[in-house]
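Asks: Numbering (the numbering used here), first residue to last: 73 to 359.
1) Could you tell me the boundaries of the beta strand (DSSP E) in which residue 357 lies?
2) By DSSP's criteria, residue 269 is part of a beta bridge. Which residues make up the other side?
3) Alpha carbons only, please: which of 124, 214 and 342 is nearest the one belonging to residue 360?
4) Going by C-alpha distance, which of 152, 232, 218 and 202 is nearest residue 184?
5) Starting from residue 123, follow the alpha helix (DSSP H) in both directions and report where the run begins and ends.
6) Cα separation between residue 163 and residue 294?
7) What residues in its chain sit with their C-beta under 6 Å from that of residue 325, if we drop five residues either side in the sequence?
8) Can you tell me which of the three DSSP states residue 351 falls into?
9) Using CA coordinates, which residue listed in 188, 159, 313 and 172 is at the minimum distance from residue 116?
10) Run through the DSSP bridge pairs and tell me what residue 211 is partnered with.
11) Sort 267, 308 and 197 by Cα distance to residue 237 and report the nearest one.
12) Excluding the 5 residues flanking residue 124 on each side, which residues of the same chain have their C-beta closer than 8 Å to its C-beta?
13) Going by other Cβ atoms of all chains shown within 10 Å of its Cβ, with 16 needed for buried, is residue 233 buried or exposed?
14) What are the partner residues of residue 309, as DSSP defines its beta bridges?
15) Determine the direct distance from the alpha carbon of residue 306 to that of residue 174, and round the result to whole angstroms.
16) Using beta-carbon positions only, say whether residue 269 and residue 245 come within less than 8 Å of one another.
17) Residue 138 lies in the beta strand (DSSP E); which residues open and close that run?
18) Buried or exposed: residue 281, going by 16 or more other Cβ atoms within 10 Å of its Cβ?
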């Protein structure tokens, strides 16, 4: 019978071969680990990962092998690529038939001395898709593994629930046409900006100005903008769809049919929306 380490190395060879055409003649040497550093991801970071992952699972890391530079290929600075073997302790999203023992590659951050966190027996959440062989997973991003703290587990579950809700807002692809209608008195006007969505569902922004009042804006998920339309709650999925997808300024093509004065008013009103949304808050780069 093959030893557990031998089996782990055989699995690693299969997973690396599937990920890269290079030949890996030797296996990495084990390294001393340091305590795992804490890293807090933003709401947008978690949605970026969850939105792309057909499979989200809690796992307990059983074994790791640090890949040599020849095996690892291109790895971000101050990171090392690991071959990981882990036991699945819970499935948050995905097929119930997942293997109880999984393997995957992970780019782990190192400290200033080049040392890795202590991963063995660590409980983590994976954002992944099935690999080419039974038990293999492919992370949706090189860093799509986070610590499975109670707080993060609750946040991930809430985000996944929002993503699959019947009224979940669609992915925003960009801006469509903008329209502006000036009021009958100075300082009065209304702008409506249509958004392009992945599934074609209508989404629009409206900005209303009245003399002596701050501009009021709202987002509508439907053909009709009514009094019920409101700005999205910060930290909600709708807020994320807008704050992390909309450009900083209204492009010229969105106002190409408008008179100059109306186009300028539409640009100013769009700026009100962008300022109110605030920054997307990503800490790990774009999705």
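Every residue gets a Cβ at the ideal spot worked out from N, C-alpha and C, and that includes glycine. These numbers were taken from a predicted model, which means no experiment stands behind them.
Replies: According to the data block:
1) Reading the chain shown from its first residue, position 285 is the one you call residue 357. From DSSP, residue 357 is part of no beta strand (DSSP E); its letter is neither H nor E.
2) Within the chain shown, the letter at position 197 stands for residue 269. Bridge partners of residue 269: 244.
3) The chain is shown only over 73 to 359; residue 360 falls outside these bounds and no answer can be derived.
4) Counted from its first residue, the chain shown places residue 184 at position 112. Of 152, 232, 218 and 202, the residue nearest in Cα terms is 152.
5) Walking along the chain shown from the start, residue 123 turns up at place 51. Where residue 123 is concerned, the enclosing alpha helix (DSSP H) stretches over 115–124.
6) Locating residue 163 in the chain shown gives position 91, counting from the first residue. Locating residue 294 in the chain shown gives position 222, counting from the first residue. Those two C-alpha atoms are separated by around 34 Å.
7) Taking the chain shown and counting its residues from 1, the one referred to as residue 325 is at position 253. Same-chain partners within the cutoff: there are none.
8) Counting from 1 along the chain shown, the entry for residue 351 is found at position 279. The answer is coil: DSSP assigns residue 351 none of H, G, I, E or B.
9) Reading the chain shown from its first residue, position 44 is the one you call residue 116. For residue 116, the nearest C-alpha among the options comes from 313.
10) Reading the chain shown from its first residue, position 139 is the one you call residue 211. According to DSSP, residue 211 bridges with 200.
11) Position 165 of the chain shown holds residue 237. Cα-wise, what sits closest to residue 237 is 308.
12) Reading the chain shown from its first residue, position 52 is the one you call residue 124. The residues are 199, 212, 213 and 359.
13) Numbered from 1 along the chain shown, position 161 holds the residue referred to as residue 233. It counts as exposed.
14) By 1-based counting over the chain shown, the position of residue 309 is 237. None, per the DSSP bridge assignment.
15) Numbered from its first residue, the chain shown carries residue 174 at position 102. Numbered from its first residue, the chain shown carries residue 306 at position 234. If I take the Cα positions, the gap works out to 36 Å.
16) Reading the chain shown from its first residue, position 197 is the one you call residue 269. Reading the chain shown from its first residue, position 173 is the one you call residue 245. Yes, the Cβ-Cβ distance between residue 269 and residue 245 is below 8 Å.
17) Along the chain shown, one-based indexing puts residue 138 at 66. Unbroken beta strand (DSSP E) run through residue 138: 127–138.
18) Translated into positions along the chain shown, residue 281 becomes position 209. By the 10 Å Cβ count, residue 281 comes out buried.
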